[in-house]
Amino acid sequence: MTKISPEIEFKMPMEAVPPVSADVSFISNSFPKYKLGADNQVLEEPIEDYQGPSLKDVIEQEASNLSDQHKRISVRDLASKFDKNLAAAAKLSNEAKLREVASLEGHVLLKKLRDALESLRGRFAGRNKEDVEKAISMVEALAVKLTQSEGELIQEKFEVKKLVNFLKQASEDAKKLVNQEKSFACAEIESARAVVLRIGEALEEQEKASQASKPQDVDGLVEEVQEARRIKLLHQPSKVMAMEYELRALRDQIREKSIFSIKLQKELTMSKRDEENKSHLYMLDGSEALGSYLRIQPCSDEVPQVSKCSFQWYRLSSEGSWREVISGANKSIYAPDPLDVGRILQVDIVSNGKKLTLTTNPIQSVSGLGSHVEALLRKSNTDFNVVISQMNGKDHSSHSVHSFNVGRMRIKLCRGWITKAREIYSPSMQLCGVRGDVSNAAKALFWQARKGLSFVLTFESEKERNVAIMLARKYALDCNVVLAGPDDLV
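Residue 124 in this note's numbering sits at position 124 of the sequence shown, with consecutive numbering throughout.
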């Protein structure tokens with residue numbers, strides 16, 4: 001017998017399943033394909049479409065290539081590479097944000113799907129109910145896997161953010177280095193351009209002067225030849241020769257008399273100054289020459305000690321009509337500067353309200369110093385070993401040896417790869433012999449690299465100190481900069 005059962009048609013009301021919100025957006029047009037594995041574990045089917053390596057792998061590969069090639073690329077190329085990597089890292093960060101949004105949308109969708117299945121489970125019975133419960137377990141497994149994916153996404157996002165910060169810092173450092181090297185190069189180019197223009201102007205002036213002097217020289221020679229012919233015609237040859245010998249003898253005698261007179265005047269001036277200094281209560285001790293220092297000493301124990309007196313050193317003009325204050329030279333010790341050679345120095349001593357003045361003879365130079373400086377001028381730069389005694393007016397604790405490099409365009413103070421100061425010649429730079437009460441004053445100099453940065457440097461010998469000052473001043477003069485001490489009139 002055949003049992004015929006009536007067909008029962010069941011229609012689910014539409015309002016029982018909540019609709020998906022229209023605000024939810026998906027990054028893909030198709031829903032991912034899943035399948036159940038062992039123990040009801042949800043497995044995602046692999047996507048066959050291979051889109052190539054991820055952005056993170058590309059960035060790691062680029063970073064390794066940069067580390068391998070950093071010795072062969074320039075600073076500008078390094079900066080551009082960092083910028084490219086930074087843009088790629090930003091792109092990776094944006095992709096991570098999109099994935100985070102997609103994950104959030106997946107959670108919303110799974111929650112709504114689970115709510116819909118829960119509402120359906122109460123309406124079905126039998127096998128349909130089992131299918132609904134199985135679908136609910138799959139949704140719950142998908143939610144667990146989505147949570148795990150979110151954890152991995154958070155970890156990857158943290159690594160991406162750290163990589164972005166590292167690349168951003170490296171890019172900023174590279175840009176700073178590029179700007180610094182660019183400023184140095186521009187300064188050197190401008191200095192070289194100024195030197196070339198100055199040399200061209202000098203050559204043009206010399207050419208004009210030579211062209212203007214040629215006709216004058218020719219006219220003078222013609223006049224001398226005509227005068228010689230006239231004398232030769234008027235006088236006999238023997239008388240002319242005798243007159244020439246007499247004139248030569250008279251010239252030699254006049255030259256000897258003038259040299260002797262100048263020597264007597266110098267000795268008379270020195271004797272007068274010695275007598276004046278003997279009558280004073282204090283005296284100058286030390287050699288009046290470059291490379292030594294002058295010290296004020298009391299002549300007796302009855303006069304006030306040097307520590308209770310105030311001092312001010314002066315530099316007399318070449319005519320002796322006025323004197324120039326040596327700024328900062330207000331101690332009992334003064335080491336002559338190369339600028340003092342051939343000049344007369346004076347010092348005012350104020351003690352117990354009374355002022356007296358001591359005067360030196362003209363400061364003498366050191367033999368062979370000028371030729372040594374001329375030989376060093378043929379080089380592009382010269383190094384000296386120095387020790388930093390003071391920095392910005394304060395004693396320097398370290399006594400390590402530094403290199404003081406005097407070049408054609410700039411001066412540099414460094415120790416190995418560490419650079420203390422590197423400045424081109426400018427009006428704000430100052431360089432002179434030290435003018436304070438410093439030990440080894442004859443070996444020390446004062447250098448103001450720029451406003452707010454100054455050093456007191458001690459050389460290995462007095463000669464090296466004076467050579468460094470003379471070299472720097474000649475190089476600075478070639479750059480149209482007068483290098484001297486504070487408030488010096490040059």
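Backbone N, C-alpha and C define an ideal beta-carbon position, used for all residues, glycine too.
In the structure shown, residue 343 adopts coil according to DSSP, grouped into three states.
By the C-beta criterion, the stretch 378 to 387 is judged not to be in contact with the stretch 299 to 307, since fewer than 3 inter-stretch pairs fall below 8 Å. In this structure, DSSP gives residue 361 a state outside helix and strand, which the three-state scheme calls coil. Annotation for residue 383: 403 and 405 place their beta carbon closer than 6 Å to its own, counting only its chain and skipping 5 residues before and after. Taken through DSSP and simplified to helix, strand or coil, residue 390 comes out as strand. The C-alpha of residue 160 is placed about 52 Å away from the C-alpha of residue 476.
Here residue 329 carries a coil assignment [DSSP, helix/strand/coil]. Ranking 129, 471 and 199 by CA distance to the CA of residue 371 puts 471 first. Looking at the backbone, the Cα of residue 439 and that of residue 459 are separated by about 12 Å.
Beyond the five residues adjoining it in sequence on each side, residue 331 comes within less than 8 Å, by CB distance, of 311, 435, 436 and 437 in the same chain, given in chain order.
Residue 469 and residue 340 do not touch by the CB rule: their CB atoms are close to 11 Å apart, not below 8 Å.
Here the alpha carbons of residue 190 and residue 207 stand approximately 26 Å from one another. The residue from 342, 450 and 412 with its alpha-carbon nearest to that of residue 319 is 342. Residue state for residue 198 is assigned as helix, using DSSP reduced to three classes.
By the neighbour-count criterion, in which 16 or more other beta carbons inside 10 Å mark a residue as buried, residue 117 falls on the buried side. If the five residues before and after residue 286 are omitted, its C-beta is found closer than 8 Å to the C-beta atoms of 292, 293, 294 and 295, all from its own chain and listed in chain order.
In the three-state reduction of the DSSP assignment, residue 152 falls in the helix class, which pools H, G and I.
By the Cβ criterion, the stretch 182 to 202 is not in contact with the stretch 411 to 421, since fewer than three pairs of Cβ atoms, one from each stretch, lie closer than 8 Å.
For the pair residue 110 and residue 139, the CB atoms are nearer than the 7 Å cut-off. With a cut-off of 8 Å on Cβ pairs, the stretch 425 to 434 is in contact with the stretch 445 to 454, counting three or more such pairs. In this structure, residue 347 places its C-beta atom within 7 Å of the C-beta atom of residue 313. Contact between residue 288 and residue 360 holds: their C-beta atoms lie close to 5 Å from each other, under 8 Å. Membership of residue 371 in the alpha helix (DSSP H) is indicated by the continuous run 369 to 377.
Setting aside the 5 residues that flank it on each side, residue 368 has no residue in the same chain whose C-beta is closer than 6 Å to its C-beta. Within the model, the alpha-carbon separation for residue 344 versus residue 487 is close to 18 Å. For the set 269, 410, 365 and 453, the Cα lying nearest the Cα of residue 467 is the one of 365. In chain order, 342 and 344 place their CB closer than 6 Å to the CB of residue 362, counting only its own chain and leaving out the 5 sequence neighbours on each side. The beta carbon of residue 135 lies closer than 7 Å to those of 117 in the same chain, with the five residues before and after it left out.
Linking residue 474 to residue 407 through their CA atoms gives a straight-line distance of about 10 Å.
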